Structure formats: structure tokens, C-alpha cells
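Numbered by the working numbering, the letters in the sequence shown go through residues 128 to 425 in order.
The structure appears below as C-alpha cells.
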Amino acid sequence: MFNDTSMQQEDSKVTNDRLPKKGSGNLLTRAKANFKKGNELQEQGLLTESILSYQKSIKLRPDYVQPLLKLAEVYKTQKNWLEATKCYRRAIGLNPDRLGFYLRLAEVLKQQNKIYGAIAAYAEAIELNPDLSAGVYKIYADLLVQKNDTTNDALLAYQKAAEIKHDWHADFYIKLARLLMDKKKFDEAIIYFQKAIGLKSDNPALDFSLGNAHHQQGEIGKAVRNYQKAIALKSDYDRVYKQLGDILKQRNQLDEAIKCYQKTLSIKPDFKIVYRSLRDIFMAQGKEIEAKQCYQRA
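Here you go:
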């Protein structure tokens, strides 16, 4: 379960100023009594009985938010996410300015794999108060990535999380760096790939990705050094040899490029694009037989 300081602060506000305000007669007194009884039953672990008491309280005073929240807690304990969702939606209807309600709604929607609904609830909370925890922004960004969101929202949310919290695990920085690569923000991607490598130095894929970012920046020397580090960690890394071959080909170091491409194919014989690259080199060198063989394999 997600536990956020923002939600605890909201609970305090609800306790202090969100009792029913319309009328103060016998109905309110009875509603409070049932709410109190529900709390006692919940503490005793009598969840079914506590549900009935909270429901009576809500029936007596439909604008009473506290028993709605407690009822949702009980349903969450029972993993009855659908009923918990109904409670939070009703609470939001009564108090649409309470960001904690949206955070709780997002949590239970996520439990039901209703990802778009959870995304919308987090977005509402952020709009109400952007000064939320790093954890909220990370979860929001993770959900956007899960749904292959093509806007900048996921990137902005990860960046906000990184701004608030400076000691994330490597996977967080990898996700952020890859989004930056997708947006062609290679200089920033380099920073976060380096952070990830600092935390996970034995991962050749990270050196490969960092090399690609340097390559996109035109920093060929740095790219080659990262590719070589990746190979040192994983000697049969076919994609790295292919990238090195491409760089050597661009520099017109054709014989060296051939060696890299051939190494790639020794690891992955069905890497068809490499045959096309080899064919081009052999054609440039006037080696028609070799070029034809590559054409047949491509």
C-alpha cells in the first residue's frame, strides 16, 4: 500500500473541519455514535460489524465524510477494491478539494489494474497541489510509462521526483534516461545513465546505452570507451560490436569495421542488418563475390 505524508495531512484536516454542517439534531448524534461504534469494532477486528456501523452512520448523514473514509479502510483490508473505490469517489464528491482523497482513489484503482483511472486521480492530486512527495511523482510516471504515454507528462514527473529526492535506485535513473533519449535530450540522458552506472557498475547494457547517448551527441571517443567497457563486461555483446562497426565504417576504417561486423555475426548469425552493412563495404572495396554472399544472407 502506498503511504504518503500528504494523505496523513489530509486526514487531519478531515478530522478537524469536515464533520457534517447541515443541522445538528438527533441524526447527527446518532451518526456520530455509529461512527464511534464502527471504530471500536474495527479495532477489535470485527470488520463485518464495523462495516454495518459505518454504513448506518453514512445513511443517517450522507454528508459525513469520516465514516466513508473508515469504511474504505475496512474494504481495503478485505481487498474489496471496488467498494473502497465507491467510498473514495463519494468522499471526493463531498470534498473535491482534498488531494488525499485522490491519492487514495488512485491507489485502489491501481490495485484493480484500472491504470487510466489511477493516472487521472494522480493528475487531479498534482493539479490541486504540485508540492507532493517524490514517491507520488514516481508512481504517476511509472503508470504513464506502463501505458506507453507519448506526452511529456511521464518525463516531467520523473524529473520532478529526481528534483525532490536525490538517492533513487538505479532502475529509476534508467527509466528517466531512456525517456530523455526518446525525447532526444541526450546531454541529460548521459547524466542519468552515469548515475545508474554509479549504482550498478556491472551492467553492460548501461555502458552500451551511455555509449549510444555519447554517440548521438557526436562524442565518438567517449562512445567507443563505453562500448569497450560493455564488451569487457560481456564479451559476446553482439549489439556493441555492431555499433563499433558502424562507427568504424563512418570513419572509413573499413577493414576494422569488417572485423567488428564479422564478430557480431559470429555471435548472432541472423543479424540481417549487419550483412547489409558488410555488403556495402565489400561493394566499396570492389569485392563483388563477398558482397553477393552478404546480399543473399541479408
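Where is the CB? At the ideal position from N, CA and C, for every residue including glycine.
Note that this is a predicted model, so its numbers are computed, not measured.
> In whole angstroms, what separates the C-alpha of LYS310 from that of ALA218?
Replying inline: If you number the sequence shown from 1, residue 310 lands on position 183. If you number the sequence shown from 1, residue 218 lands on position 91. Straight-line Cα distance between these residues: approximately 39 angstroms.
> Taking the C-alpha atoms as reference points, what is the distance between VAL192 and LYS213?
Replying inline: Position 65 of the sequence shown holds residue 192. Position 86 of the sequence shown holds residue 213. Distance from the CA atom of VAL192 to the CA atom of LYS213, rounded to whole angstroms, is 13 angstroms.
> When the Cα of THR204 is compared with those of LEU230, PRO194, TYR368 and GLY172, which residue comes out closest?
Replying inline: Position 77 of the sequence shown holds residue 204. Of the listed residues, the one whose Cα sits closest to THR204 is GLY172.
> Are at least three pairs of beta-carbons, each pair with one atom in the region 385–404 and one in the region 343–358, less than 8 angstroms apart?
Replying inline: They do not touch, by the three-pair rule.
>> Measuring straight from C-alpha to C-alpha, what distance separates ASP298 and ARG157?
In response: Here residue 298 is taken as the residue at index 171 of the sequence shown, counted from 1. Here residue 157 is taken as the residue at index 30 of the sequence shown, counted from 1. Just so you know, the alpha carbons of ASP298 and ARG157 end up roughly 52 angstroms apart.
> Quick one: is GLY220 buried, meaning 16 or more other Cβ sit within 10 Å of its Cβ, or exposed?
Replying inline: The sequence position of residue 220 within the sequence shown is 93, counting from 1. The residue in question, GLY220, is exposed, as its Cβ has fewer than 16 Cβ neighbours within 10 Å.
>> Between which two residues does the alpha helix (DSSP H) holding LEU173 run?
In response: As a working mapping, residue 173 is identified with position 46 in the sequence shown. Secondary structure note for LEU173: it is in no alpha helix (DSSP H), with a DSSP letter that is neither H nor E.
>> Taking the alpha carbon of ALA82 as the reference point, which residue from ASP294, HIS296 and LEU270 has its own alpha carbon closest?
In response: Summary: the structure shown does not reach residue 82, with the chain confined to residues 128 through 425, and so no result is reported for it.
> Can you tell me whether DSSP reads GLU153 as helix, strand or coil?
Replying inline: Taking the first residue of the sequence shown as position 1, residue 153 is located at position 26. Correcting the residue type first, residue 153 is Asn in the shown sequence and not Glu. Three-state DSSP puts ASN153 in a helix.
> If we ignore side chains and look at the alpha-carbon of each, how far apart do PHE129 and TYR249 end up?
Replying inline: Stepping through the sequence shown from its first residue, residue 129 is reached at position 2. Stepping through the sequence shown from its first residue, residue 249 is reached at position 122. Model confidence at PHE129 stands at a pLDDT of 45, short of 50, so the residue's coordinates are unreliable; what they give is reported in the following sentence. In a straight line, the C-alpha of PHE129 is about 12 angstroms away from that of TYR249.
> Can you tell me whether DSSP reads ASN143 as helix, strand or coil?
Replying inline: For this step, residue 143 is matched to residue 16 along the sequence shown. Note that ASN143 scores a pLDDT of 41, beneath 50, so its modelled location is shaky and nothing firm can be said.
> Looking at the structure shown, is GLN344 part of a helix, part of a strand, or coil, going by DSSP?
Replying inline: Working through the sequence shown from its first residue, we reach residue 344 at position 217. DSSP places GLN344 in coil when its eight states are reduced to three.
> Using the rule of at least 16 other Cβ atoms within 10 Å of the residue's Cβ for burial, across every protein chain shown, is ASP334 buried or exposed?
Replying inline: In the sequence shown, the residue the question calls residue 334 occupies position 207. Buried, because 16 or more other Cβ atoms sit within 10 Å of the Cβ of ASP334.
> By how many angstroms is the C-alpha of MET308 removed from the C-alpha of TYR202?
Replying inline: Position 75 of the sequence shown, counted from the first residue, corresponds to residue 202. Position 181 of the sequence shown, counted from the first residue, corresponds to residue 308. Spanning the two alpha carbons is a distance of roughly 42 angstroms.
> Within 10 angstroms of its Cβ, does ALA426 collect 16 or more other Cβ (buried), or is it exposed?
Replying inline: The chain is shown from 128 up to 425; residue 426 falls before or after that span and cannot be answered.
> Does DSSP put ASP363 in a helix, in a strand, or in coil?
Replying inline: Looking up residue 363 in the sequence shown gives position 236. Coil.
>> Within 10 Å of its beta-carbon, does ASN275 have 16 or more other beta-carbons around it, so buried, or fewer, so exposed?
In response: Taking the sequence shown and counting its residues from 1, one reaches residue 275 at position 148. Around the C-beta of ASN275, fewer than 16 other C-beta atoms lie within 10 Å, and the residue is accordingly described as exposed.
>> Going by DSSP in three states, MET410 sits in which element: helix, strand or coil?
In response: The sequence position of residue 410 within the sequence shown is 283, counting from 1. Three-state DSSP puts MET410 in a helix.
> How about ALA350 and HIS341: do their beta carbons lie closer than 9 angstroms?
Replying inline: Position 223 of the sequence shown holds residue 350. Position 214 of the sequence shown holds residue 341. Pairing ALA350 with HIS341 gives a Cβ-Cβ distance under 9 angstroms.
> Any idea if GLN423 is buried or exposed, counting beta-carbon neighbours within 10 angstroms, 16 or more meaning buried?
Replying inline: Here residue 423 is taken as the residue at index 296 of the sequence shown, counted from 1. Under a 10 Å Cβ-count criterion, GLN423 is classified as exposed, with fewer than 16 other Cβ atoms of the shown protein chains found around its own Cβ.
> In chain order, what residues of the same chain have a beta carbon less than 8 angstroms from the beta carbon of PHE398, not counting five sequence neighbours either side?
Replying inline: In the sequence shown, residue 398 corresponds to position 271, counting from 1. The residues are ASP365, LYS369, THR391 and LEU392.
>> Output needed for LYS376: all residues of its chain with C-beta closer than 7 angstroms, excluding positions within five of it in sequence on either side, in chain order.
In response: In the sequence shown, residue 376 corresponds to position 249, counting from 1. Answer for LYS376: ALA384, SER404 and ILE408, listed in chain order.
>> Since LEU255 and ALA281 should fall inside the 8 angstroms C-beta cutoff, what is the C-beta to C-beta distance between them, to a whole number of angstroms?
In response: Your numbering for residue 255 matches position 128 in the sequence shown. Your numbering for residue 281 matches position 154 in the sequence shown. Contact doesn't hold; Cβ gap of about 20 angstroms is too wide.
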